[in-house]
Amino acid sequence: MSTSRVVVAGGGLIGLCSAWYLARRGADVVVLERKEIGAGASRGNAGIVAAGHPPLNRPGKVRQALPHIFDARSPLYVRARRDMGVWRWLAAFARHCTRRHERHCLETLAPLGLDTLACFDAIVDEEGIDCDYRRGHYLEVCVGGKAMAKARDDAGLMREHGYHPEVVDGGQARELEPALGPRVAGGVLFPETRILDPWLFLLGLAKAARRRGVSIREGVAVRRLTVSGGTVRGVETADGGRVAADAVVVATGPFSLPLAEQVGSRLPVQPGKGYHREVAVGPGGAPSMRVACTNRETGIICTPLEGRVRFVGTMEFAGYDLELNPIRLEQLTLKPRAWLPTLGDAPPVSEWCGLRPMSPDGLPFVGPLGDVAGLSVAVGHGNLGLTLSAVTGEMVANQVAGTGDPRLAPFSPARFGR
Ligand SMILES: Cc1cc2nc3c(=O)[nH]c(=O)nc-3n(C[C@H](O)[C@H](O)[C@H](O)COP(=O)(O)OP(=O)(O)OC[C@H]3O[C@@H](n4cnc5c(N)ncnc54)[C@H](O)[C@@H]3O)c2cc1C
1 MSTSRVVVAG GGLIGLCSAW YLARRGADVV VLERKEIGAG ASRGNAGIVA AGHPPLNRPG
61 KVRQALPHIF DARSPLYVRA RRDMGVWRWL AAFARHCTRR HERHCLETLA PLGLDTLACF
121 DAIVDEEGID CDYRRGHYLE VCVGGKAMAK ARDDAGLMRE HGYHPEVVDG GQARELEPAL
181 GPRVAGGVLF PETRILDPWL FLLGLAKAAR RRGVSIREGV AVRRLTVSGG TVRGVETADG
241 GRVAADAVVV ATGPFSLPLA EQVGSRLPVQ PGKGYHREVA VGPGGAPSMR VACTNRETGI
301 ICTPLEGRVR FVGTMEFAGY DLELNPIRLE QLTLKPRAWL PTLGDAPPVS EWCGLRPMSP
361 DGLPFVGPLG DVAGLSVAVG HGNLGLTLSA VTGEMVANQV AGTGDPRLAP FSPARFGR
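Heads up: the sequence shown at position 136 corresponds to 136 in the numbering used here, and the numbers run straight through without jumps.
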């Protein structure tokens, strides 16, 4: 690959991991990012590399969420009520909430999860990235018995696929994380996990990629793909410039649709907004926590980071709108009081939202795009984009280099038709 020029459109986790692996294989890589690196969903996520977990498509998911989807306080909220694209997407999502599809996802993502852990360890060790990297576990906590029964069933499913989740009772959960309150009935500890600060990881990765010769141009948006004779020749940028390339990787998250449409590809990706609110550790603020925890009932995650706890969650379908909805932000620190009783009222130190690139079947689109030689896509990683970013980068590099990667088969960008 040493003479190949590859343009990667998008400087999020997927674009940067792809660029890093491509550079490692000897490609001459240019990343074009329309804002700044991490400007999409990648910068403020929960920081949990949750290997082997299935996506959100679970049996019963839609039935459980449907009665509350117009309530701004519920975990799943549809605000773009008149957007037919959202309803079509939700219908396709519902069709993939079956046992059969759940099994397919687990069979696909379980081996990939172990690969991604190895990829993260390799990147962080090889490049010495300082991103609060923890090789450890995270804890799913349950308040009610019904949630506990489901968590136990899910742990069983993951064990069938080679993982080692450990069911714990309330006392054991509090021993692991003393900030948990008496209402916690129990939970599941997932040992095949990495925790990191995603923003520090991105900064470190960008620095490492630059050291390997990658040119990262921020503030440069890709407007069009340049294609002739069935082969991609590069891209045209919004400022009228052209960047020639032998290969182009589209990694623009939920903003990829216009580029895919240009080559006749229909990628059913919807932006799914999520929020974070951070509270500093200290009197009247967040408790000092040892373990990242997620609550089964609400889906809210609490990740301890340097001097603060990041409360993360919620899924909102509101188109590409990036407004911070105070009602949804409030839920992030209101609901955890049921299991974190010492969480105080101190004002947050940071609030953020990002758009997850959601595919209807919970699996990303990674591989050749359209029938255009040299053109690839890597989008649609949904709520598992950090988890799958490192291994996606490796698979993209293999595909662009022409060596192929059998792991890509379930992620065909053409699986919903062209
Ligand atoms: C609240 C929240 C919590 C999450 N927690 C976790 C977690 O704990 N674990 C996990 O695995 N995943 C998590 N995720 C999911 C994960 O963050 C995303 O799946 C991931 O960031 C997607 O990365 P991406 O690179 O595909 O997209 P993005 O991060 O959106 O990057 C795309 C980039 O492309 C740029 N761009 C767009 N259009 C153009 C253009 N025309 N030209 C050039 N550049 C362009 C954008 O500015 C953006 O920077 C979470 C997401 C959210 C919102």
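Yeah, the Cβ is synthetic: ideal placement off N, Cα and C, and Gly gets one too.
Note that the structure is predicted; figures quoted are calculated from it, not measured.
For the beta strand (DSSP E) that contains I48, what are its first and last residues? I48 to A50
Starting from S376, trace the beta strand (DSSP E) both ways and give me its first and last residue. L375 to V379 is the span of the beta strand (DSSP E), which, as asked, contains S376.
Alpha carbon to alpha carbon, what distance is there between G60 and L66? Answer to the nearest angstrom: the Cα atoms are 10 Å apart.
Option in R277, F365 and G170 with minimal Cα separation from V312: R277
What does the Cβ neighbour count give for H96, buried or exposed, with the cut at 16 atoms within 10 Å? buried
Output the distance between the C-alpha atoms of R217 and R266, rounded to the nearest integer angstrom. 28 Å
Would you decide whether E36 is buried or exposed? Buried here means 16 or more other CB atoms lie within 10 Å of its CB. exposed
Start and end residues, alpha helix (DSSP H) containing E61: Sequence inspection shows Lys at residue 61; the Glu mentioned does not correspond to that position. K61 to A65 is the span of the alpha helix (DSSP H), which, as asked, contains K61.
Are the CB atoms of E177 and L139 within a distance shorter than 8 Å? Taking C-beta atoms as the reference points, L139 and E177 count as a pair closer than 8 Å.
Measure from the alpha carbon of D405 to the alpha carbon of each residue in T387, G382, V366 and R415, then state which is nearest. V366
Within this structure, are the beta carbons of G420 and L343 separated by less than 8 Å? This structure cannot speak to residue 420, because the chain is shown only from 1 to 418.
Within this structure, are the beta carbons of Y133 and G52 separated by less than 8 Å? no
Do V49 and T387 count as a contact pair if the criterion is CB distance below 8 Å? The Cβ atoms of T387 and V49 lie closer than 8 Å to each other.
Whose C-beta lies closer than 6 Å to the C-beta of G299 among residues of the same chain, with five residues either side of it excluded? P75 and G313
Measure the alpha-carbon distance for R99 versus G282 and round it to whole angstroms. 44 Å
Could you pull the DSSP bridge partners for C353 from this structure? Per DSSP, Y275.
So what does DSSP say about I498, is it helix, strand or coil? No information on residue 498 is available, as it lies outside the stretch 1 to 418 that the chain covers here.
V391, enclosing alpha helix (DSSP H) - first and last residue: G385 to A401
Using C-beta distances below 8 Å, list every residue in its chain close to R328, excluding the 5 sequence neighbours before and after it, in chain order. Hits under 8 Å: A72, R73, Y77, Y275, T314 and E316.
Do three or more CB pairs link the stretch 139-155 to the stretch 181-192 at distances below 8 Å? With three or more CB-CB distances shorter than 8 Å, the stretch 139-155 counts as touching the stretch 181-192.
Does the beta carbon of E236 fall short of 7 Å from some heavy atom of ligand 1? E236 Cβ: outside cutoff for every heavy atom of ligand 1.
Output the distance between the C-alpha atoms of L196 and H137, rounded to the nearest integer angstrom. 12 Å
So M84 is in the alpha helix (DSSP H); what residue range does that whole segment cover? M84 to R95
Starting from C293 and walking both ways along the alpha helix (DSSP H), at which residues does that stretch end? Not the alpha helix (DSSP H): C293 falls in the beta strand (DSSP E), residues A292 to N295.
What first and last residue would you give for the beta strand (DSSP E) that runs through M289? Per DSSP, M289 belongs to no beta strand (DSSP E) and is neither H nor E.
Could you give the distance in angstroms between the alpha-carbon of Y21 and the alpha-carbon of K273? Each residue's alpha carbon lies about 28 Å from the other.
Alpha carbons only, please: which of P287, R24, G11 and I69 is nearest the one belonging to V400? Of all alpha-carbon atoms in P287, R24, G11 and I69, the one lying nearest the alpha-carbon of V400 is that of R24.
Within a Cβ cutoff of 7 Å, which residues of the same chain sit near C353, ignoring the five residues on either side of it in sequence? Cβ within range, chain order: K273, G274, Y275, L322 and L324.
Taking the Cβ atom as the reference point for each residue, do G30 and S18 lie within a distance shorter than 8 Å? Here the sequence assigns Val to residue 30, which means Gly is not the residue at that position. Result no, Cβ atoms of V30 and S18 do not sit closer than 8 Å.
Which residues mark the beginning and the end of the beta strand (DSSP E) in which T237 is found? T231 to T237
Can you find the residues in the same chain that come closer than 7 Å, C-beta to C-beta, to T193, ignoring five residues on each side of it along the sequence? I48, V49, A50, A51, G136, H137 and Y138
Expected contact under 8 Å - CB spacing of P410 and T108 to nearest Å: 5 Å
According to DSSP, simplified to helix, strand and coil, what is F120? helix
Would you say the beta carbon of A23 comes nearer than 7 Å to a heavy atom of ligand 1? no
List the residues that DSSP assigns as beta-bridge partners of A371. In the sequence as displayed, the identity of residue 371 is Asp instead of Ala. Residue pairing by DSSP places D371 in no beta bridge whatsoever.
E330, enclosing beta strand (DSSP E) - first and last residue: Where E330 is concerned, there is no enclosing beta strand (DSSP E), although the alpha helix (DSSP H) it sits in stretches over P326 to L334.
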